[in-house]
Every structure is written in C-alpha cells, then in structure tokens.
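One point on numbering: in the UniProt record's numbering, the residue at position 15 of the sequence shown is 15, and numbering is uninterrupted.
Beta carbons: idealized from backbone N, C-alpha and C, even for Gly.
For reference, the structure is listed below as structure tokens.
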Amino acid sequence: MNGLRTLIDIAIWTIIIWIVLGYIVVLGRVPWGHPVRKVYDALQDVMQRVLRPLRNVLPPVRIGGAALDLAPLVLILGLSLLRGFL
C-alpha cells in the first residue's frame with residue numbers, strides 16, 4: 001500500500017508541476033527550444049489524455065469572458081481522497 005501512496009503523491013505533484021509550467025509557458029517566459037518547454041509539452045500530452053474523460057463530464061466554468069478548467073483540481077482532490085483511504 002505504501003508504494004501505491006507514493007505513486008499517488010507523484011501523480012499529484014506531476015499535475016501541480018504541469019499547472020505551474022503551463023502558466024510560465026502561457027505568459028511567454030519560455031522560448032520554443034528551451035528544455036522546460038519540452039518537459040511541458042510532454043506533460044501536456046499526457047495530462048490531456050488523462051483529463052479528457054473528466055472534462056467530458058465537468059465542462060469549464062465560465063467567468064465573464066474566460067473559462068476556468070476545474071478538471072485538474074477535481075483530479076487532485078480525487079487522488080487525495082483515494083490516498084486518504086489507503
């Protein structure tokens with residue numbers, strides 16, 4: 001069970017790192033060829049596949065002219081609950 005908890009922790013931190021890197025990339029702080037951009041692109045590919053089913057059930061929340069994607073937060077909460085039950 002300890003190994004599964006570790007995997008869940010790694011998954012949660014991967015999501016958090018993906019979110020932070022996303023903000024850095026969107027704000028234009030990372031040039032195209034930079035290694036950070038390559039890491040973000042790899043995480044983006046994986047996270048889109050993981051979050052797609054959740055986004056089908058939970059569409060983004062509209063706030064004025066913007067949309068807030070709650071799928072990563074819901075995934076983190078779900079993984080945290082699962083970790084708590086182990």
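Rounding to the nearest angstrom, what Cα-Cα distance links G22 and M1 in this structure? 32 Å
DSSP-derived helix/strand/coil call for R29: coil
Nearest to L54 (by Cα), restricted to the options L70, I19, V30 and L4: L70
Considering only residues of the same chain and omitting the five flanking positions on each side of W18, which have a CB-CB separation below 6 Å? L43 and M47
What residues are listed by DSSP as bridge partners for R62? A67
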